[in-house]
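Number of protein chains: 2
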Amino acid sequence: MAINPLIKYKHAILYGIALAGLLFLLKWLEWRLVIFDHAFEVYIGAIAVVFTALGIWLALKLTKPKVERVIVEVEKTVYVERREEEYGTVGRPEAEGGGMNVEQRVNVEQAARLDLSKRELEVLGLMAQGFSNQEIAEKLFVSLNTIKTHTSRIFEKMDVKRRTQAIDMAKRLNII
Amino acid sequence: MAINPLIKYKHAILYGIALAGLLFLLKWLEWRLVIFDHAFEVYIGAIAVVFTALGIWLALKLTKPKVERVIVEVEKTVYVERREEEYGTVGRPEAEGGGMNVEQRVNVEQAARLDLSKRELEVLGLMAQGFSNQEIAEKLFVSLNTIKTHTSRIFEKMDVKRRTQAIDMAKRLNII
DNA sequence: ATCTCGTTCATACTTTCGGGTGATTTTAAC
DNA sequence: GTTAAAATCACCCGAAAGTATGAACGAGAT
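For the record, the sequence lines run as chains R and B.
Position one of the first sequence corresponds to residue 793 (the working numbering), numbered consecutively onward.
Position one of the second sequence corresponds to residue 793 (the working numbering), numbered consecutively onward.
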């Protein structure tokens with residue numbers, strides 16, 4: 793257990809050593825400055841470079857990596873128990889394209905093949921929360937056109953025509 | 793859009809502004825240095841701070857966020873037992889005889905808080921299933937304008953601005 | 001009998017959505 | 001180092017959604 797303090801404060805120790813080295817370097821540079829008067833700009837430049845590097849190092853070291861959770865659907869338990877008592881049959885001349893109420897089995901199988909990218913899932917989630925494209929764009933710091941492109945791809949991949957259908961499907965498939 | 797050029801070159805513009813500000817600051821500090829000879833260390837310190845910040849900013853801006861992938865395997869369970877009849881009385885307005893289950897009662901109570909009429913609940917349900925106003929109008933044998941009026945009142949009562957918000961709220965409240 | 005409310009419908013207008021197309025830039029993979 | 005996919009942005013245009021306003025009608029309530 794004697795190593796614990798060293799391990800625990802190794803960052804601090806390393807930082808201290810680095811600072812010491814840096815100060816030494818500064819002193820040395822200062823001495824050089826006295827000798828060569830015109831090295832002033834070099835001095836400033838060196839300071840800038842060194843501290844820029846320090847900032848980069850700090851940022852890289854001190855930012856904790858973002859944890860990304862990748863949901864992998866292992867098993868598909870499909871339970872279809874459905875009454876054919878819908879609104880439908882009221883006024884539905886022809887089934888257009890991907891009828892939502894035809895069957896769910898295919899949808900489940902397609903869920904894995906939906907192949908929505910991370911960004912698209914993000915947009916889909918915000919969409920389901922009722923945000924407009926404009927609001928989503930502002931939240932994600934991108935332009936409105938970008939969001940429109942995303943939504944278009946989402947609808948294409950999900951084989952739906954409207955955002956409300958996409959939301960409904962997404963909630964059924966538990967992908968949001 | 794008149795904002796487009798601004799958005800397009802926003803990075804360049806921001807960077808330019810930042811550089812200009814930095815140069816101005818440096819000039820000002822240099823001037824101070826001439827006045828007060830002993831401000832040298834302050835000068836250096838400022839340089840160090842500024843460039844450390846610059847480094848941090850650079851690192852945060854120019855590096856992709858480190859992502860740590862955590863694969864989570866979940867068992868997917870999709871249950872597809874929908875009950876559209878709860879809010880739907882299409883073509884059978886008098887079919888509210890006896891067996892209201894508890895779930896339905898709760899829905900009705902929560903619906904009452906929003907003061908949504910039966911017809912409005914019906915429209916809301918179809919809306920949540922992804923139908924367009926036109927499709928809802930055809931299903932309910934009324935005109936598109938009527939559906940628009942209904943949706944407007946729904947949004948007003950629910951205090952939302954878009955159908956997606958209404959859908960989200962309705963699902964949260966288990967109205968549908 | 002009057003009044004309110006729900007439902008219906010209409011016109012006119014503005015905003016948002018969505019399709020289509022093309023482009024550049026990152027990122028990832030090979 | 002090329003290639004493929006993802007992400008970004010732009011422009012146009014038609015469709016759908018949403019706002020505002022007014023009006024008609026029937027059913028219940030007062």
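Ideal placement from N, C-alpha and C gives every residue a C-beta, glycine not left out.
These numbers were taken from a predicted model, which means no experiment stands behind them.
The Cβ of Gln926/B sits no closer than 8 Å to any Cβ of chain R.
Note that the C-beta distance between Thr844/B and Phe843/R is below 8 Å.
Annotated three-state conformation of Asp907/R is coil, per DSSP. Taking the Cβ atoms as the reference, Gly922/R lies roughly 7 Å from Val952/B, within the contact range of under 8 Å. Under the Cβ distance rule, Ala920/R counts among the residues neighbouring chain B, one pair being separated by less than 8 Å.
What Asp960/B touches in chain R, judged by beta-carbon distance under 7 Å, is Ala920, Gln921, Gly922, going in chain order.
Residues of chain B with a Cβ closer than 9 Å to the Cβ of Thr956/R are, in chain order, Met919, Ala920, Gln921, Gly922, Phe923, Ser924, Arg955, Thr956, Ile959. Around the beta-carbon of Asp960/R, 16 or more other beta-carbon atoms lie within 10 Å, marking it buried. Annotation: Gln921/R is outside any alpha helix (DSSP H) and is labelled neither H nor E by DSSP. Residues of the region 927-947 of chain B whose Cβ lies closer than 8 Å to any Cβ of chain R, in chain order: Glu930, Lys931, Leu932, Phe933. Take Arg945/R, set aside five residues on each side of it, and the residues of its chain with a beta-carbon closer than 7 Å to its own are Glu912, in chain order. Membership of Phe947/B in the alpha helix (DSSP H) is indicated by the continuous run 936-950. Taking CB atoms only, Phe816/B has no neighbour in chain R less than 8 Å away. Distance from Thr943/R to Asn966/R at the Cβ level is roughly 20 Å; contact not present, criterion being Cβ atoms closer than 8 Å.
For Lys963/R, the enclosing alpha helix (DSSP H) begins and ends at 955-964. Just so you know, the alpha carbons of Gly847/B and Gly847/R end up roughly 4 Å apart. Think of a sphere of 7 Å around the beta carbon of Ala838/R: no beta carbon from chain B falls inside it, the nearest being about 10 Å out. Note on Ala812/B: under 16 other CB atoms within 10 angstroms of its CB, so exposed under the neighbour-count rule.
Taking a Cβ-Cβ cut-off of 9 Å, the neighbours of Val952/B in chain R comprise Gly922, given in sequence order. DSSP places Leu932/R in the uninterrupted alpha helix (DSSP H) bounded by 925-932.
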